[in-house]
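What follows is a short report on a single structure.
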Amino acid sequence: MGESCAKENWFKKWFNTSYYHMLYHQRDNTEAQLFITNLVKELNPPKGSHFLDLACGRGRHSLFLNQQGFEVTGMDLSEESINFAQQFTTDKLHFYSGDMRESYGENRFDFIINLFTSFGYFENNDDNRKVCRQIAKALKPGAKVLIDFLNVSQLEQGLVPQDEFLIEDCHFAIERKIVEGKVLKTIKVKQKEKEEVFYECVQLLYEDDFKNLLEECGLHYEQSFGDYTFEPYSAQKSKRLIILASK
């Protein structure tokens, strides 16, 4: 499975399917709105600040940020997601498709956000460095980046190896395992007579890994939060690892 995960660029295939959005339907507008409300309260960005929502998906968080008075650019690799998000476009809210390893501007943004474990998809750390360098390049001096990642310590303690369930008329069978510093998820979908297999493959990055990576790319670690209410991070207890750093 690791071979398939690496070679077929799993994210390009998986994120462009309706099954992906079906599987993660619980990530709804209510959750996105609550998270953005808490984020704005915690970061207190000046009105008119320009945000980049990096790996924005269908643009839920971008939309709510824009409604709070901020200029927002949403970028995602999935053309299907960007096509959906473009219905929300205004003069202060734009979406485009792109690869987070490639340039998205220089000294352009006041804040960059990367949410819902949209980091660590690549085969090696060189690609992670490319992403961090592009983030550093795109931020204005003194600007901030917030990365929302899974809490690896919690994942290792509570990994569910197998799961099966129905969503609408689709049967999902999911297998999870940790191999060579990555969590590998095989997603088998059966809908009527049609069967397909997809993968997720995410590097297991701890808080210190992020600190080292960010510092190496010219970004300065500030603090970590453990959930979407921005409580302090605890490796043993927190659901998430949310990193805040600045240029």
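Per my numbering, the sequence shown starts with residue 562, numbered consecutively.
Using N, Cα and C, we set each Cβ at its ideal position, and we do this for glycine too.
- Glycine 609 is not a Cβ neighbour of serine 623, given a cutoff of 8 Å.
- Assigned with DSSP and collapsed to three states, alanine 593 falls in helix.
- Shown here, valine 721 sits in coil according to DSSP, grouped into three states, outside any helix or strand.
- By DSSP's assignment, phenylalanine 572 forms no beta bridge with any residue.
- The shortest C-alpha to C-alpha distance from glutamate 776 to any of Gly719, Arg588, Cys731, Lys808 is the one to Lys808.
- Assignment of asparagine 627 by DSSP, reduced to helix, strand and coil, places it in the helix class.
- At the C-beta level, lysine 800 and glycine 787 come within 8 Å of one another.
- Within a 10 Å sphere around the beta-carbon of tyrosine 585 sit fewer than 16 other beta-carbons, which makes this residue exposed.
- For a cut-off of 8 Å, the C-beta gap from leucine 700 to valine 692 is around 13 Å, too long to register as a contact.
- In the three-state reduction of the DSSP assignment, phenylalanine 670 falls in the strand class.
- Boundaries of the beta strand (DSSP E) around arginine 801: 801-807.
- A distance of 8 Å or more separates the beta carbons of asparagine 627 and threonine 591.
- Using a Cβ-Cβ distance cut-off of 8 Å, the region 632-648 and the region 603-619 are in contact, since at least three pairs of beta carbons, one from each stretch, lie closer than that value.
- Within the same chain, Gly681, Gly742, Lys743 come within 7 Å of glutamine 764 by CB-CB distance, once the 5 residues on both sides are set aside.
- For glutamine 695, the uninterrupted alpha helix (DSSP H) run begins and ends at 686-699, by DSSP.
- Runs of the alpha helix (DSSP H) spanning 4 or more residues and lying entirely within the region 726-804 occur at 768-777, in chain order.
- CA-CA distance, leucine 745 to phenylalanine 759, rounds to 11 Å.
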